[in-house]
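Enquirer: Numbering (the UniProt record's numbering), first residue to last: 1 to 352. For every residue, glycine included, the Cβ atom is placed at its ideal position computed from N, Cα and C. Computed from a predicted model, the values in this text were never measured in an experiment.
(1) Can you pull the DSSP bridge partners for residue 364?
(2) Mind checking whether residue 221 and residue 235 have CB atoms under 8 Å apart?
(3) Output the distance between the C-alpha atoms of residue 243 and residue 285, rounded to the nearest integer angstrom.
(4) Below 8 Å CB to CB, which residues in the same chain sit around residue 172 once its five sequence neighbours on both sides are set aside?
(5) Exposed or buried, residue 248, counting other C-beta atoms within 10 Å across all chains shown (16 or more means buried)?
(6) Going by beta-carbon coordinates alone, are residue 122 and residue 137 separated by less than 8 Å?
(7) Check whether the Cβ atoms of residue 256 and residue 281 lie closer than 8 Å to each other.
(8) Span of the beta strand (DSSP E) holding residue 137?
(9) Under a Cβ-count criterion, where at least 16 other Cβ atoms within 10 Å of its own Cβ denotes burial, should residue 102 be classed as buried or exposed?
(10) Is residue 295 closer than 8 Å to residue 233 when the C-beta atoms are compared?
(11) May I have the straight-line CA-CA distance separating residue 176 from residue 298, to the nearest angstrom?
(12) Give every residue of the same chain whose Cβ lies closer than 6 Å to the Cβ of residue 191, excluding the five residues on either side of it in the sequence, and list them in chain order.
(13) For residue 180, write down the residues that DSSP places opposite it in a beta bridge.
(14) Where does residue 329 fall in DSSP's three states?
(15) Taking DSSP as the reference, what is the three-state secondary structure of residue 164?
(16) Return yes when the C-beta of residue 166 is under 7 Å from any heavy atom of the ligand PLP, and no when it is not.
(17) Is residue 185 helix, strand or coil when you go by DSSP?
(18) In whole angstroms, what is the alpha-carbon distance linking residue 193 and residue 158?
(19) Around the Cβ of residue 131, are there at least 16 other Cβ atoms within 10 angstroms (buried) or fewer (exposed)?
(20) In terms of residue numbering, what span does the beta strand (DSSP E) encompassing residue 158 cover?
(21) Taking buried to mean at least 16 other C-beta atoms within 10 Å of its own C-beta, is residue 219 buried or exposed?
(22) Taking the alpha carbon of residue 210 as the reference point, which residue from 34, 271 and 250 has its own alpha carbon closest?
(23) Beta-carbon separation of residue 50 and residue 38 under 8 Å?
(24) Indicate the three-state DSSP secondary structure (helix, strand or coil) for residue 280 in the structure shown.
(25) If you reduce the DSSP assignment to three classes, tell me which class residue 198 lands in.
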């Protein structure tokens, strides 16, 4: 009930009860609510002495015992109100000041600041202003809040950080009367030897090679290379890329706004390398290379480029057991240059 109606109801109840009682103490029946104390009144039958937080004839009205310029909080968007006493703000005297959260301004923190005005995104990132924040859309291979991190670590195909058990393929080519096995574990960039690459079987009409990264990774590019078999150059001219989080459901890579699967340009000979970037990056545990056009045979050596999801150097390379291999990987990383169009980005990575 409204407060006024409640008071009238209680007074009616009091008069009804009082009329049924002999004349005497008007507080014999305590009509004061919420712990109020009834005392006989002068000119009125009784008076209620209300506890803190309540008021009214019968203590039914609730009010806050806290008072001040910051009650209730005049600051918007989670701004913090601080009482200052009487202070002058322009032509107005105020008793408080609002301390605004990042991204807001104004007397009452009512204005959303354009967080992109200061151009916080680096390396060609595109800024989008949010409610009290901003988000950078980073071009590959840059990541981070401000696109300040370069996600271009070599992930271990060449150096051995990716184990043989992590590499699989749809088929394997056997040559020289079955004595030569061109297995997927050989698909490592710059691998040497007579048999030094993966090659799909001649009867395989839908070949692929796959790497299990063992956890979700951010993949920003791939470096491919062909090989030579019996003096003849073999390589992949064009390929697609598929990825998966669970190894069961795969998604073909497409650039933003593209309705068809993206076809990457591959190699032009058996020895030179070709670098393709993933923009946007691929977030996946499994990455699958699907040849589209091959020269003589679908033969491949490769390296993956990327980083952990947070943009830091992957720990895969650090798991290599051989000290000689560690030195080799360190030397490879320090000397390698990932070509991006006409630019070269030096990947400075150090091991302890």
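Expert: Looking at the atomic coordinates:
(1) Only positions 1 to 352 of the chain appear in this structure, which leaves residue 364 out of reach.
(2) no
(3) 8 Å
(4) 181, 182, 183, 184, 198, 199, 200 and 201
(5) exposed
(6) At least 8 Å separates the beta-carbon of residue 122 from that of residue 137.
(7) no
(8) 133-137
(9) exposed
(10) yes
(11) 17 Å
(12) 301
(13) DSSP, once it has assigned bridges, lists 175 as partnering residue 180.
(14) Only weak support is given to the placement of residue 329: the predicted model assigns it a pLDDT of 41, under 50, and the value that follows is read from those uncertain coordinates. In the structure shown, residue 329 sits in a helix (DSSP, three-state: H, G or I).
(15) Here residue 164 sits in helix by DSSP.
(16) Among the components of this structure there are no ligands whatsoever, and the ligand PLP is therefore not found.
(17) helix
(18) Note on geometry: alpha-carbon atoms of residue 193 and residue 158 lie some 14 Å from one another.
(19) exposed
(20) Neither: residue 158 is in no beta strand (DSSP E) and is coded neither H nor E.
(21) buried
(22) Nearest Cα to residue 210 within the set 34, 271 and 250: 250.
(23) no
(24) strand
(25) strand
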